[in-house]
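In case it helps, our numbering puts the sequence shown at residues -12 to 214.
We put the beta carbon where it would ideally sit given N, CA and C, even for glycine.
Take a look at the structure below.
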Amino acid sequence: MNAATRFVTSVRGLAFENVFNPYADSCPVHDKVDASAVRYSTFRSIFEAAALGGIHSLWVGRDLGYRGGRRTGLALTDDAHVTAHAARWGIQAERCTKGAPVKERTAALAWSILDEVELPVFLWNVFPFHPHEPGRPFTNRSHRASERAVGEEILRELLEILRPERVVALGNDAASCVARLAPKECVRVRHPSYGGQADFLRQMNDIYGPCRVSKKQADLFGVGIRH
């Protein structure tokens, strides 16, 4: 078993109270029967492809949300972007949840930029699971200090395997962690949610060059189109 496969297997084996591990746990409300196995397989294939082919950037958020990564097992990715996420790594994947696709605003904002970036970018979170309030699985909460400590060790191992040239930390929580683990590679940007859309777009333009922004994307970000 190589380092990439060992990494994915170890992440799948972790469990915490009031935390949903999408690679091992199943949601009785929204998941298809084989959802956790599909998420694990997709995650493993993407991570192994990234480790084999190399990456340019690692984008790091805080933790998975109930409208996004809890359902997909992929950071900064909702139902609407599962296929596109997998396709960037030469992999075929479809969503493993029932009913109508659920969209997440943060995922939509992130992918508005990512769709314009041709460099290989891997998406991750400081705490790569979905923490929720006790007895309320469809809520989001910030991870605890003990959970963060585990997440940082996972991120440290991920950095050693993928060795990105640049680590883009989305928001203060991610930045404080990345700055400790990869200070030379760390670039902090404003988190795209909670009024940070315009700053996020400008900062990503600075990192990757001017992105072509459609009218729809501009409305999403709340900024004017620049030609």
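Of all the options the options, which has the alpha carbon lying nearest to the alpha carbon of residue i?
i, options, result
"Gly122", "Leu146, Glu81, Phe7", "Phe7"
"Leu45", "Glu91, Tyr195, Phe114, Glu152", "Glu152"
"Lys75", "Asp21, Asp50, Ala36", "Inspection of the sequence shows that residue 75 is occupied by Arg rather than by Lys. When only C-alpha atoms are compared, the closest one is Ala36."
"Ala132", "Leu96, Phe3, Ser28, Leu63", "Phe3"
"Arg92", "Phe116, Thr84, Ala71, Asp66", "Asp66"
"Pro179", "Val25, Ala95, Ala62, Ala38", "Ala95"
"Ala110", "Gly196, Arg49, Thr126", "The question names Ala, yet the displayed sequence has Leu at residue 110. Here the closest residue by C-alpha is Arg49."
"Met191", "Leu157, Ser163, Cys164, Val165", "Leu157"
"Val47", "Leu168, Arg189, Gln184, Tyr181", "Leu168"
"Thr59", "Ala11, Cys83, Gly183", "Cys83"
"Arg135", "His117, Thr126, Leu149", "His117"
"Leu101", "His43, Pro124, Ala80", "His43"
"Arg(-1)", "Thr70, Lys19, Pro115, Arg189", "Pro115"
"Ala87", "Thr126, Val16, Ser99, Tyr10", "Val16"
"Ala97", "His68, Leu149, Arg150, Ala166", "His68"
"Ser28", "Gly41, Val165, Gly52, Val(-5)", "Val(-5)"
"Leu188", "Tyr53, Val104, Ile141", "Val104"
"Arg150", "Ile194, Cys14, Lys19, Gly41", "Gly41"
"Leu142", "Tyr53, Thr64, Ala162", "Ala162"
"Ser23", "Arg57, Val165, Ala11", "Ala11"
"Cys164", "Glu140, Asp18, Thr70", "Glu140"
"Gly56", "Pro9, Val20, Asp18, Ala80", "Pro9"
"Glu81", "Leu63, Lys19, Ile148", "Lys19"
Within a Cβ cutoff of 6 Å, which residues of the same chain sit near residue i, ignoring the five residues on either side of it in sequence?
i, result
"Ser32", "Ile78"
"Leu61", "His72"
"Ser(-3)", "none"
"Glu172", "Arg153, Val154"
"Arg213", "Its pLDDT being 36, under 50, Arg213 is placed unreliably by the model, and nothing is read from it."
"Pro107", "Ile42, His43"
"Phe34", "Ala(-9), Val(-5)"
Using DSSP's beta-bridge definition, name the partner residues of residue i.
i, result
"Glu120", "Arg123"
"Leu157", "Val176"
"Thr84", "Asp18"
"Phe7", "His117"
In chain order, what residues of the same chain have a beta carbon less than 7 Å from the beta carbon of residue i, not counting five sequence neighbours either side?
i, result
"Asp186", "Arg177"
"Val25", "Cys83"
"Asn127", "Gly52, Tyr53, His119"
"Ser13", "Ala22, Ser23"
I need the boundaries of the beta strand (DSSP E) containing residue i, first residue and last residue.
i, result
"Gly48", "44 to 50"
"Phe34", "Element bounds for Phe34: not the beta strand (DSSP E) but the alpha helix (DSSP H), 22 to 40."
"His111", "In the sequence as presented, His is not what sits at residue 111; that position holds Trp. Where Trp111 is concerned, the enclosing beta strand (DSSP E) stretches over 108 to 114."
Going by DSSP, what residue range makes up the alpha helix (DSSP H) through residue i?
i, result
"Ala95", "92 to 101"
"Arg58", "56 to 59"
"Gly183", "Note, Gly183: premise wrong, no alpha helix (DSSP H); not H, not E."
"Leu142", "132 to 149"
"Arg(-1)", "-10 to -1"
"Thr70", "69 to 74"
Grab me the residues of residue i's own chain with a C-beta within less than 8 Å of its C-beta, minus the 5 sequence neighbours each way, in chain order.
i, result
"Asp160", "Arg49, Val113, Ser129"
"Leu39", "Ala(-9)"
"Arg(-7)", "none"
Please confirm whether any heavy atom of the ligand ATP lies closer than 6 Å to the CB of residue i.
i, result
"Ala97", "The model depicted lacks the ligand ATP and carries no ligand whatsoever."
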